[in-house]
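Asks: Pasting in a structure now, in structure tokens, and then I'll have a few things to ask.
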């Protein structure tokens with residue numbers, strides 16, 4: 084991801100500076116985790132994010148090319164735990180853990196519909 088105006092803290096509202104926001108970095112880490120999980124799931128299944136434990140350790144300016152890397156660390160039933168890191172060039176800008184849960188897409192969407200109707 085190349086950091087643009089829509090990714091910075093002052094735009095998102097999480098801060099006042101024009102640097103990569105923590106929510107944008109977390110979203111990139113979640114995407115890296117989801118893409119890794121998707122490689123191994125059967126058709127009709129996906130994952131949803133349920134937990135993040137992230138440290139944002141360095142800034143990244145507009146125009147920076149930020150890369151997120153996810154590594155599957157643990158599987159506990161339907162729960163997947165990923166170790167995630169984000170880099171700008173070779174500089175670590177964020178690190179931590181992200182958990183996702185495997186869901187049956189059709190069943191999950193039915194649950195959402197039921198919640199809307201209630």
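In the working numbering, the protein residues as written are 84 to 201.
Backbone N, C-alpha and C define an ideal beta-carbon position, used for all residues, glycine too.
Got a sec? Which residues, its chain only, sit under 6 Å from residue 127 by beta carbon, not counting five neighbours each side?
Replies: Within the chain shown, residue 127 is the residue found at index 44, counting from 1. These residues qualify, in order along the chain: 188.
Asks: For the beta strand (DSSP E) containing residue 132, list its first residue and its last residue.
Replies: Numbered from its first residue, the chain shown carries residue 132 at position 49. From DSSP, the beta strand (DSSP E) with residue 132 extends over 128 to 139.
Asks: Strictly by DSSP, which residues pair up with residue 144?
Replies: Residue numbering aside, residue 144 sits at position 61 when the chain shown is read from its first letter. In DSSP, residue 144 forms a bridge with 102.
Asks: Whose C-alpha, out of 191, 176, 201, 99, is nearest the C-alpha of residue 130?
Replies: As a working note, residue 130 is residue 47 in the chain shown. The candidate whose alpha carbon is nearest that of residue 130 is 191.
Asks: Note down, in chain order, each residue of its chain lying with its Cβ closer than 7 Å to the Cβ of residue 102, except the 5 sequence neighbours on either side.
Replies: Here residue 102 refers to the residue found at position 19 of the chain shown. 91, 92, 142, 143, 144.
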